[in-house]
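Q: Sharing a structure here in structure tokens format.
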Amino acid sequence: MPPHPYNYHWEPIRSLWIIYSLLFLIFLKLPYWLIISVPRSGRLCREWTYGRSMHVRIVKWAIKLSDRTGELLFSPDHRAIPTNLPPHVQGVWVEGIPDHLIVGQIKDWAELADIRPMRIPGYWYQRPGDAVIGGPARRGEKIALNLHGGAYITFSAHPNDISQNITRGILSECPSINRIFSLEYRLSSTAPYKAEFPFPAAVLDALSGYYYLIETVGVSPDDLVIIGDSAGANLALALIRYLIRHPLHPLPIAKSLLLLSPWCEMGPSHMGLDSSFEDNKHTDYIRDVRGNMAEYSLRAYCAAVGLQESHHNPYISPASRLLPPEVVRGLFEGFPKTMIIAGSGERLLDSIRTLRDRFLKDVGQDGVQYLEVPNAIHDFCVFPWYEPERSTVLKAVEEWLREKRG
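The sequence shown maps to residues 610 to 1015 in the working numbering.
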């Protein structure tokens, strides 16, 4: 039996540990951090402001705590749509993509995992006052399909989830996008919990959401933007790869792809003493690969195909240095116009740069735009306090969308 991913998962130990940790934070850690962060030499990054250094310390503390106790804030999953939604958000049910549209390797892996498409939720987000929420697409209306991050084991498309700060940020800073559909794909789990929904369950769900937008809502592929952050970007890459490798009616390829801090390798080829994974471990909040939760997410997602697939499967690790040359060659040919955003302070930087280089080789500079924000942490657009870089990047996304439309 593998170790439990959470050391303090049972009650009342879990609640007692959370209370103890909060008291320790308030009375010892915070005062200490407040003092040592005054000089720049005491901050996690010398170039950061005092406030940013404090914010990142608290994020790192919260993630370390959740690694021991489980999620601190619970969000809905694919099993239900809550009724208490804000006025500008609407939950809808999406039917599973028809079986005849699942072909090739994805079909083989789905049969191996005993996974089939199923009915899942999604949430429409719009600006206040727009009357067409969830309705048919209007001519020329640009709509985004959003795939959230969370290592395939956590987070949600629900508006209460932290991951949806990206959705709200894009609606705020990118007027070219009229509304966003955030998909509640199935999350993976494994022992000691119930083993369910490994790869390619999330890929099937992404295809279901895509099919819904094309067939039910009537979105033109020219007006469809695929957005993914972290693991959601990994899923977005897999979705587009499938659509290109298996051109099926009625699934035309979207014309825009936005990747925010993509988790583009689950294997070890970008790790080592001189890697960004080691160099940025003191500033970024990404878990160490040897931690229980990091290992758990890999075991859960790759449960059906095996951990070795994380080394050489382009649907799982398109940036892996262990991919055979014949697979790397032309890996991103046919991909839509793509924008990749990364932070130079994130642990995944090396793998994201490899992804960028492979895109450039296959689609050229006109096909991909890369924006690397100095000293920024992983998926910084999730955090509303990560300013002014967050707003600057989202405005750059708007410029990129307008250039494409023009």
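All residues carry an ideal CB built from backbone N, CA and C; glycine is no exception.
S684 and S798: beta carbons closer than 7 Å?
A: No.
Q: Assign T825 to one of two classes, buried (16 or more other C-beta atoms within 10 Å of its C-beta) or exposed (fewer than that).
A: So T825 ends up on the exposed side.
Q: Within the chosen definition, does the segment 929-945 reach the segment 812-820 through at least 3 CB pairs nearer than 8 Å?
A: No, the segment 929-945 is not in contact with the segment 812-820.
Q: Give the DSSP bridge partners of V698, in chain order.
A: According to DSSP, V698 bridges with Y734.
Q: I need the boundaries of the beta strand (DSSP E) containing E981, first residue and last residue.
A: Looking at the DSSP string, the run of the beta strand (DSSP E) that includes E981 is 977-982.
Q: Starting from F790 and walking both ways along the beta strand (DSSP E), at which residues does that stretch end?
A: Looking at the DSSP string, the run of the beta strand (DSSP E) that includes F790 is 788-792.
Q: Using the Cα positions of N787 and R725, report the straight-line distance between them to the nearest angstrom.
A: Near 32 Å, if we compare the C-alpha coordinates of R725 and N787.
Q: Any idea what DSSP makes of D959, helix, strand or coil?
A: Helix, per DSSP.
Q: Could you tell me which residues DSSP pairs with T947 in its beta bridges?
A: Note: T947 sits in a beta bridge opposite L866, V977.
Q: Thinking S919 and M880 are a contact (beta carbons under 8 Å), I'd like their distance in whole angstroms, please.
A: S919 to M880, Cβ: 12 Å. No contact.
Q: With 16 as the cutoff for other CB atoms within 10 Å, does E793 come out buried or exposed?
A: By the 10 Å Cβ count, E793 comes out buried.
Q: If you run the structure through DSSP and keep just helix, strand and coil, what is N889?
A: Looking at N889 - three-state DSSP - the assignment turns out to be coil, as it is neither helix nor strand.
Q: Between P997 and I895, what straight-line distance do the alpha-carbon atoms span, to the nearest angstrom?
A: When rounded, the distance between both Cα atoms is 22 Å.
Q: Check whether the segment 943-954 touches the segment 963-979, counting contact only when three or more Cβ pairs, one atom from each stretch, lie closer than 8 Å.
A: These segments touch.
Q: In this structure, how does DSSP classify D723 when only helix, strand and coil are distinguished?
A: Reduced to three states, the DSSP call for D723 is coil.
Q: Can you tell me whether Y802 is buried or exposed? The criterion is at least 16 other CB atoms within 10 Å of its CB, across all chains shown.
A: Classification of Y802: exposed, given that the 10 Å Cβ count is below 16.
Q: Please name the residue in G954, S878, E704, D739 whose C-alpha comes closest to that of N922.
A: Answer by Cα proximity: S878.
Q: Please state the DSSP three-state secondary structure of E1007.
A: Correct three-state label for E1007: helix.
Q: In whole angstroms, give me the CA-to-CA distance for W1017 and L964.
A: Residue 1017 is absent from the model: the chain starts at 610 and stops at 1015.
Q: Spell out a yes or no on whether the segment 856-865 and the segment 882-889 are touching, meaning 3 or more CB-CB pairs, one atom from each, closer than 8 Å.
A: The answer is no - the segment 882-889 does not touch the segment 856-865, with fewer than three Cβ pairs under 8 Å.
Q: Going by DSSP, what residue range makes up the beta strand (DSSP E) through A753?
A: First-last of the beta strand (DSSP E) with A753: 752-756.
Q: Can you check whether the CB of I706 is closer than 7 Å to the CB of A753?
A: Not in contact: A753 and I706 (Cβ atoms no closer than 7 Å).
Q: With distances taken from CA atoms, which of L852, S839, G943 is nearest F989?
A: Comparing Cα-Cα distances from F989 to each of L852, S839, G943, the minimum goes to S839.
Q: Between the Cα of I635 and those of W670, P691, G651, R649, spot the shortest distance and give me the residue it belongs to.
A: Checking every option, the nearest Cα to that of I635 belongs to W670.
Q: Put G837 into one of helix, strand or coil per three-state DSSP.
A: Of the three classes helix, strand and coil, the one that applies to G837 here is strand, per DSSP.
Q: Going by CA-CA distance only, name the one from R677, V703, L844 that's closest to I627.
A: For I627, the nearest C-alpha among the options comes from R677.
Q: Tell me the residue span of the alpha helix (DSSP H) that contains Y659.
A: Here the alpha helix (DSSP H) through Y659 covers 659-678.
Q: Does G952 come out as helix, strand or coil in the three-state DSSP assignment?
A: In this structure, G952 counts as strand in the three-state DSSP scheme.
Q: Taking its Cβ as the centre, do 16 or more other Cβ atoms sit within 10 Å of G713, making it buried, or is it exposed?
A: Answer is exposed; the Cβ neighbour count stays below 16.
Q: Bridge partners for S798 per DSSP, in chain order?
A: DSSP, once it has assigned bridges, lists E805 as partnering S798.
Q: What is the rounded straight-line gap between the Cα of P784 and the Cα of S1000?
A: If you take the alpha carbons of P784 and S1000, they lie about 13 Å apart.
Q: For V703, name the three-state secondary structure that DSSP assigns.
A: If DSSP states are grouped into helix, strand and coil, V703 belongs with the strands.
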